[in-house]
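Quick note, the sequences are listed as chains A and B, same order. In this text, residue positions in the first sequence follow the numbering used here: the first is 1, and each later residue adds one. In this text, residue positions in the second sequence follow the numbering used here: the first is 350, and each later residue adds one. Let me begin by presenting the structure, written as structure tokens, before commenting on it.
There are 2 protein chains.
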Amino acid sequence: MIDQLVEKIKKTGAPIVVGLDPQMKFIPDEVKTPVFDEMGETLEAAGEILFRFNKKIVDAVYDLVPAVKPQIAMYERFGIPGLVAYQKTIDYCKGKGLVVIGDVKRGDIGSTSEAYADAHLGRVMVGDREYKAFDEDFATVNPYLGSDGVLPFLKVCDTQDKGVFILVKTSNPSSGEFQDRLVLAPSSEDGPDSVFFAGNKKDGITLADILESADRSDLTALSLRPLYEVVAKKVDEWASDPGLIGQSGYSEVGAVVGATYPKMGKALRKLMPKSYILVPGYGAQGGKGKDLVHFFNEDGLGAIVNSSRGIIAAYKSAPYCDKYSPEDFADASRAAVKAMKKDIKEALD
Amino acid sequence: MIDQLVEKIKKTGAPIVVGLDPQMKFIPDEVKTPVFDEMGETLEAAGEILFRFNKKIVDAVYDLVPAVKPQIAMYERFGIPGLVAYQKTIDYCKGKGLVVIGDVKRGDIGSTSEAYADAHLGRVMVGDREYKAFDEDFATVNPYLGSDGVLPFLKVCDTQDKGVFILVKTSNPSSGEFQDRLVLAPSSEDGPDSVFFAGNKKDGITLADILESADRSDLTALSLRPLYEVVAKKVDEWASDPGLIGQSGYSEVGAVVGATYPKMGKALRKLMPKSYILVPGYGAQGGKGKDLVHFFNEDGLGAIVNSSRGIIAAYKSAPYCDKYSPEDFADASRAAVKAMKKDIKEALD
Chain A
1 MIDQLVEKIK KTGAPIVVGL DPQMKFIPDE VKTPVFDEMG ETLEAAGEIL FRFNKKIVDA
61 VYDLVPAVKP QIAMYERFGI PGLVAYQKTI DYCKGKGLVV IGDVKRGDIG STSEAYADAH
121 LGRVMVGDRE YKAFDEDFAT VNPYLGSDGV LPFLKVCDTQ DKGVFILVKT SNPSSGEFQD
181 RLVLAPSSED GPDSVFFAGN KKDGITLADI LESADRSDLT ALSLRPLYEV VAKKVDEWAS
241 DPGLIGQSGY SEVGAVVGAT YPKMGKALRK LMPKSYILVP GYGAQGGKGK DLVHFFNEDG
301 LGAIVNSSRG IIAAYKSAPY CDKYSPEDFA DASRAAVKAM KKDIKEALD
Chain B
350 MIDQLVEKIK KTGAPIVVGL DPQMKFIPDE VKTPVFDEMG ETLEAAGEIL FRFNKKIVDA
410 VYDLVPAVKP QIAMYERFGI PGLVAYQKTI DYCKGKGLVV IGDVKRGDIG STSEAYADAH
470 LGRVMVGDRE YKAFDEDFAT VNPYLGSDGV LPFLKVCDTQ DKGVFILVKT SNPSSGEFQD
530 RLVLAPSSED GPDSVFFAGN KKDGITLADI LESADRSDLT ALSLRPLYEV VAKKVDEWAS
590 DPGLIGQSGY SEVGAVVGAT YPKMGKALRK LMPKSYILVP GYGAQGGKGK DLVHFFNEDG
650 LGAIVNSSRG IIAAYKSAPY CDKYSPEDFA DASRAAVKAM KKDIKEALD
């Protein structure tokens with residue numbers, strides 16, 4: 001699936017993914033009113049509104065971008081009818097030839113991650129019949145539970161030609177609270193792993209204690225690195241499975257790194273050479289084209305930048321609000337995609 | 350909601366939650382066949398089978414336990430029809446007077462976590478009408494994104510009288526990969542926080558470098574602690590909000606700590622005195638009653654132990670498989686709940 005994504009990025013010249021994260025406040029009355037008139041103010045109406053809003057935006061931008069990223073939470077909020085709209089959005093986007101990245105951030109213990117992997121990327125048996133459930137092309141995965149929470153997704157990526165983007169450094173303001181913590185890690189590749197874990201005697205003792213107890217070689221063998229780098233090294237290990245590397249040289253195992261942390265993006269780009277980086281946080285969250293340069297490789301590939309509000313709600317803010325009326329929201333989204341494409345291209349050139 | 354949970358635990362004398370994580374392989378043909386005959390081998394049939402299986406188990410055990418914990422992944426696997434079964438399971442269990450813990454492990458950036466919080470614990474507006482979506486009583490939350498991924502859930506807990514269990518140390522074998530990493534943390538409560546983050550100069554340098562550069566007082570002020578303890582301290586901070594503390598003295602903010610790590614459970618119990626601990630991993634994953642003692646406080650409260658496969662699939666394994674035929678699977682589940690209750694009571698006495 002990563003090869004299809006790379007192909008579409010080259011074809012469109014746009015390393016851009018449109019985040020389909022509809023919130024009612026973004027959706028103009030021109031879309032809402034007829035549905036409410038028809039279905040009343042029901043959860044079913046809410047789902048239908050989300051889908052009609054998405055459909056108009058997709059119709060306006062599908063020829064400009066390689067991919068979309070629906071954020072399932074925005075649909076799950078409306079219960080079953082919202083999730084029906086999520087499913088319809090996936091199917092409609094795939095019908096338009098777009099790669100669909102399901103922003104689901106799932107992750108659990110092994111047998112449970114297997115169920116999530118089946119739900120979003122795989123197939124499921126009912127008696128002797130096989131079905132696909134949501135069937136996105138990629139899914140985002142939360143790594144906090146470790147390998148046995150991630151490997152079931154990778155197994156499905158291998159058998160079903162799908163991909164994942166694993167959270168490494170997220171775009172939100174408080175992502176550093178845990179992700180930036182300095183952790184004890186090997187200075188080189190070949191340190192004994194046990195020493196880095198809580199089970200050992202060093203648990204809870206001060207650095208001064210360590211200095212007194214440990215010998216010099218121990219101390220130079222150990223560094224303090226941010227947790228996101230430790231996660232990134234694991235992502236690179238997962239991504240390096242030959243079975244998951246595509247013709248493009250990129251792996252089905254990508255990473256999420258926020259545009260809001262460009263310095264970290266530069267370091268992480270080097271730590272995960274085989275992984276495509278999905279970059280959220282552009283636009284509304286504050287990321288700019290110039291911040292994105294180091295997320296990309298020399299060949300101008302290796303990253304795909306997401307914008308959600310900045311595109312789907314473009315008609316509500318400058319400069320588009322002056323040029324486009326609410327009923328022309330989809331045209332405003334198209335203009336915003338073109339501006340984003342230009343901003344990123346200029347930064348990369 | 351935590352007070353209701355504590356009340357029911359006292360009333361039943363069972364600090365036990367039944368994990369409703371149905372997998373097709375656990376479900377006897379006596380449940381499957383009539384549904385397949387009626388609906389064919391469809392996703393809708395799969396959902397109906399999950400619900401009928403759950404219903405029989407709930408009918409057999411609802412008087413013995415305070416709570417159930419449906420694992421949404423097992424339903425999401427079957428797409429929309431599976432999620433309809435999840436919703437029906439929640440509604441049915443609440444109708445039986447059970448507290449429902451939605452094991453959803455959601456967590457995202459602020460505006461997205463808000464949508465998840467609405468979906469599972471809160472309410473959502475459609476036009477001028479207010480609806481509940483899934484409406485569990487508690488939800489499990491993944492903390493990897495930090496405070497702004499968690500606070501939207503806490504806001505809903507406050508306004509809607511709901512609760513959360515935040516992942517601290519999970520029960521799976523590889524949970525240590527990231528959760529057990531030793532991180533730089535203050536030796537006492539009052540260390541400057543900046544030093545613990547990646548932004549500072551210590552990033553990536555060896556301990557030997559630190560020894561040479563830093564002075565003695567720095568070194569004694571800094572300890573190496575497992576990440577799960579750092580997360581636990583944050584959970585205790587969130588749990589300490591007076592608005593979230595119930596009559597029982599416990600907070601709406603609980604924690605997940607796996608039964609498979611009893612030593613860590615002992616340490617974490619002390620770090621989060623106001624938090625109820627949801628303890629997965631009993632039974633099928635290997636946890637035993639004696640391992641659980643230190644998850645509880647002196648008063649015998651403070652923890653609730655989950656068993657999923659060990660109860661819902663009891664009829665498939667010893668000793669129950671000898672006494673119960675597949676059609677009596679629910680009676681086997683009832684017997685397994687009674688045995689679990691006895692095992693935990695004996696360990697606590």
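Backbone N, C-alpha and C define an ideal beta-carbon position, used for all residues, glycine too.
Please check the pair residue i and residue j, which I expect to be a contact at CB under 8 Å, by giving their CB distance rounded to whole angstroms.
i: S520(B); j: T609(B); result: 5 Å
i: V367(A); j: A139(A); result: Outside the shown range of chain A, which is 1 to 349, sits residue 367(A), and nothing can be said about it.
i: Y62(A); j: L20(A); result: Not confirmed; about 12 Å, so no contact.
i: I406(B); j: I661(B); result: 6 Å
i: P70(A); j: G47(A); result: 13 Å between Cβ atoms; not a contact.
i: A468(B); j: F483(B); result: 6 Å
i: K408(B); j: A679(B); result: Here the sequence assigns Asp to residue 408(B), which means Lys is not the residue at that position. The Cβ separation is near 7 Å, so the contact holds.
i: I109(A); j: D161(A); result: The pair is not a contact, with the Cβ atoms about 26 Å apart (cut-off 8 Å).
i: K454(B); j: L516(B); result: 7 Å
i: G254(A); j: V156(A); result: About 15 Å; that fails the 8 Å criterion.
i: L617(B); j: K518(B); result: 6 Å
i: D477(B); j: E41(A); result: 6 Å
i: V398(B); j: V384(B); result: The sequence shown places Ile at residue 398(B), rather than the Val named in the question. Contact holds; Cβ gap of about 5 Å.
Can you tell me which of the options puts its alpha carbon nearest to the alpha carbon of residue i?
i: K386(A); options: L64(A), G79(A), C93(A), T42(A); result: The question about residue 386(A) has no answer here: the residues shown for chain A are numbered 1 through 349.
i: L301(A); options: L278(A), F36(A), A284(A); result: L278(A)
i: V68(A); options: I9(A), D29(A), K266(A), K32(A); result: I9(A)
i: F502(B); options: F153(A), G163(A), R77(A), V100(A); result: R77(A)
i: D677(B); options: F375(B), T361(B), M350(B); result: F375(B)
i: A451(B); options: G607(B), P622(B), K381(B), Y424(B); result: Per the sequence presented here, residue 451(B) reads as Gly, with Ala not at that position. Cα-wise, what sits closest to G451(B) is Y424(B).
i: T159(A); options: V337(A), G95(A), G122(A); result: G122(A)
i: G283(A); options: K263(A), N306(A), P28(A); result: N306(A)
i: E229(A); options: F527(B), K665(B), E578(B), P611(B); result: F527(B)
i: A232(A); options: G246(A), G265(A), G243(A); result: G265(A)
Which chain A residues sit within Cβ distance under 7 Å of residue i?
i: V475(B); result: E41, T42, L43, A45, A46
i: E465(B); result: A small correction: the amino acid at residue 465(B) is Tyr; Glu does not occupy that position in the sequence shown. Those are A73, E76, listed as they occur along chain A.
i: G635(B); result: Within chain A, no residue comes near G635(B); the closest Cβ sits about 12 Å away, beyond 7 Å.
i: A667(B); result: Residues of chain A passing the Cβ test: none, with the nearest at roughly 21 Å.
Which residues in chain B have a C-beta closer than 7 Å to the C-beta of residue i? List them in chain order.
i: Q71(A); result: T461
i: S171(A); result: I458
i: G283(A); result: Neighbours of G283(A) on chain B: none; closest Cβ ~14 Å, over 7 Å.
i: A259(A); result: Here the premise fails: no neighbours, minimum Cβ distance about 12 Å.
i: G102(A); result: Residues of chain B passing the Cβ test: none, with the nearest at roughly 11 Å.
By the criterion of Cβ-Cβ separation under 9 Å, what are the contact partners of residue i in chain B?
i: D291(A); result: Those do not exist, as D291(A) stays about 16 Å from chain B at its closest Cβ, beyond 9 Å.
i: G97(A); result: Correct list: empty, because the minimum Cβ distance to chain B is about 23 Å.
Name the chain A residues whose beta carbon is nearer than 9 Å to that of residue i?
i: F385(B); result: V126, G127
i: A662(B); result: Ordered by position in chain A, no residue passes the 9 Å Cβ test against A662(B), which lies about 12 Å from the chain.
i: G649(B); result: In chain order: nothing, as chain A lies at least about 28 Å away.
i: A688(B); result: Ordered by position in chain A, no residue passes the 9 Å Cβ test against A688(B), which lies about 23 Å from the chain.
Skipping 5 residues on each side, what residues in its chain have a beta carbon closer than 7 Å to that of residue i?
i: V355(B); result: S597, Y599, L650
i: T89(A); result: L20, F51, N54, P70
i: M474(B); result: none
i: D91(A); result: none
i: K481(B); result: R472
Would you mind telling me which residues of chain B sit closer than 8 Å to residue i, beta carbon to beta carbon, in chain order?
i: K105(A); result: R455, G456, D457, N491
i: G310(A); result: The premise fails here: G310(A) is roughly 13 Å from chain B at the closest Cβ pair, so nothing lies under 8 Å.
i: G13(A); result: None at all; the shortest Cβ gap to chain B is about 29 Å.
For residue i, which residues of its own chain have a beta-carbon under 8 Å away from its beta-carbon, when the five flanking residues on both sides are left out?
i: Q87(A); result: F134
i: S240(A); result: S251, K274
i: L573(B); result: L531, V532, L533, A534
Listing by chain order, which chain A residues have their CB less than 8 Å from the CB of residue i?
i: G614(B); result: Here the premise fails: no neighbours, minimum Cβ distance about 13 Å.
To which residues of the same chain is residue i closer than 6 Å at the C-beta, ignoring the five residues directly before and after it?
i: V84(A); result: G47
i: G287(A); result: A259, T260, G281
Is residue i close to the ligand MG? I mean its beta-carbon at under 7 Å from any heavy atom of the ligand.
i: L43(A); result: Of ligands this structure carries none, so the ligand MG is not represented either.
Would you list, in chain order, the members of the segment 218 to 233 of chain A that have their beta-carbon closer than 7 Å to a beta-carbon of chain B? Answer in chain order: L219, T220, L222, S223, L224, R225, P226, L227, V230, V231.
If contact means a Cβ-Cβ distance below 8 Å, which residues of the segment 73 to 95 of chain A contact chain B? Per Cβ criterion, the list reads A73, M74, E76, R77, F78, G79, I80, G82, L83, V84, Q87.
Mind listing which residues of the segment 151 to 172 of chain A have their C-beta closer than 8 Å to chain B's C-betas, in chain order? Residues passing the 8 Å Cβ filter: L167, T170, S171, N172.
Chain B contacts made by the segment 132 to 143 of chain A, where a contact means CB separation under 7 Å: Against chain B - using a Cβ distance shorter than 7 Å - the residues of the segment 132 to 143 of chain A are A133, F134, N142, P143.
Can you pull out the residues from the segment 232 to 257 of chain A whose beta carbon lies closer than 8 Å to at least one beta carbon of chain B? Here the close residues are K234.
Closer than 8 Å between beta carbons: that is the criterion. Which residues of the segment 18 to 33 of chain A meet it against chain B? With the criterion set as a beta carbon lying under 8 Å from some beta carbon of chain B, the members of the segment 18 to 33 of chain A are D21, Q23, M24, K32, in sequence order.
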